[in-house]
Amino acid sequence: MTSSESGEIDESVIAELSRLRDSIDNIDAAVVHMLAERFKCTQQVGYLKARHQLPPADPAREARQIIRLRELAESAKLDPAFAEKLLNFIIAEVIRHHETIAKS
Ligand SMILES: O=C(O)C(=O)C[C@]1(C(=O)O)C=C[C@@H](O)C=C1
Numbered sequence: 001m002t003s004s005e006s007g008e009i010d011e012s013v014i015a016e017l018s019r020l021r022d023s024i025d026n027i028d029a030a031v032v033h034m035l036a037e038r039f040k041c042t043q044q045v046g047y048l049k050a051r052h053q054l055p056p057a058d059p060a061r062e063a064r065q066i067i068r069l070r071e072l073a074e075s076a077k078l079d080p081a082f083a084e085k086l087l088n089f090i091i092a093e094v095i096r097h098h099e100t101i102a103k104s
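In UniProt numbering, the protein residues as written are 1 to 104.
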């Protein structure tokens, strides 16, 4: 009898789900720590740009980053469109931070 037939979840299923969720939690923690480090770097870039009157956004640099990230995603079997959307999402936040720094 399967878990769905009996209405109870098999012990081994619970154990496997728990093991996978532990790994997911570790990966999520790593992502948060890596993002925090990235934002520490971009904050320094923001101050550097503000000090030297450089524009917050650099579209040419972004275009190169997207090409590189899409290639990395493909070789890692990650959807390149997702990788591009994620990078754009992060960069939009960075630009917002740069603009705040420039105004301050
Ligand atoms: O490299 C820069 O010039 C940055 O400001 C950093 C960054 C990024 O987050 O990677 C953010 C904004 C720019 O448009 C390009 C890249």
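Note that the Cβ used here is the ideal one computed from N, Cα and C, for glycine as well.
Per DSSP, reduced to three states, the secondary structure at Pro59 is helical. Pro56 is a Cβ neighbour of His98, given a cutoff of 7 Å. In the three-state reduction of the DSSP assignment, Ile90 falls in the helix class, which pools H, G and I.
With respect to the 7 Å criterion, Leu72 and Leu87 are not classified as neighbours on the basis of their beta carbons. For the set Leu54, Arg38, Lys77 and Phe82, the Cα lying nearest the Cα of Ile66 is the one of Phe82. In the three-state reduction of the DSSP assignment, His52 falls in the coil class. Pairing Arg61 with Ser6, the inter-Cα distance amounts to about 57 Å.
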